[in-house]
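Position one of the sequence shown corresponds to residue 3 (our numbering), numbered consecutively onward.
Here is the structure we will look at.
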Amino acid sequence: MNKHTNIPAPRNTLTRQQRRRSRRARCLYTAAVLVLSLCAVLTVPAFAVGDSDPLAIVNNLSEFIFSIIKALGIIILGWGIVQVGMSFQSHDASQRTQGFLCLFGGLMIAFAKEILGTIGVV
3 MNKHTNIPAP
13 RNTLTRQQRR
23 RSRRARCLYT
33 AAVLVLSLCA
43 VLTVPAFAVG
53 DSDPLAIVNN
63 LSEFIFSIIK
73 ALGIIILGWG
83 IVQVGMSFQS
93 HDASQRTQGF
103 LCLFGGLMIA
113 FAKEILGTIG
123 VV
């Protein structure tokens with residue numbers, strides 16, 4: 003019932019907050035349908051290579067792992083060079099020692115595959 007008149011309020015009117023929630027729910031539903039339909043339409047089949055040699059797969063994995071190790075070694079090597087340069091600037095002997103250790107450790111890590119190949123392990 004309306005306060006000023008004795009006419010009952012219409013039952014099918016929505017408040018502003020209810021309309022906003024309804025619009026937001028419709029928008030979210032539309033976005034979800036769009037994303038799911040794009041996922042369904044834009045899928046690309048992956049065809050496996052006919053090479054089923056398990057040794058080739060292990061060799062590829064080994065190459066990948068050694069490339070990651072080499073990248074980490076180069077990053078450590080670069081940080082060691084920065085530390086050595088900063089130690090010469092600040093005349094700090096302990097930082098210089100840490101820098102050279104980091105530099106040589108980075109070299110060892112970066113060339114780990116070649117070192118292991120020379121030894122005969124890999």
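Beta carbons: idealized from backbone N, C-alpha and C, even for Gly.
Only a predicted model underlies this, so the values are computations on that prediction, with no experimental measurement involved.
Let's see if you can read the secondary structure: which residues bound the alpha helix (DSSP H) around T32?
18-43
Extent of the continuous alpha helix (DSSP H) to which P56 belongs:
56-92
I111 beta carbon less than 8 Å from that of L74
yes
The alpha helix (DSSP H) with F106 in it runs from where to where?
95-112
Once DSSP output is grouped into helix, strand and coil, what is the label at G119?
helix
For R26 and S89, what's the separation of their Cα atoms in angstroms?
59 Å
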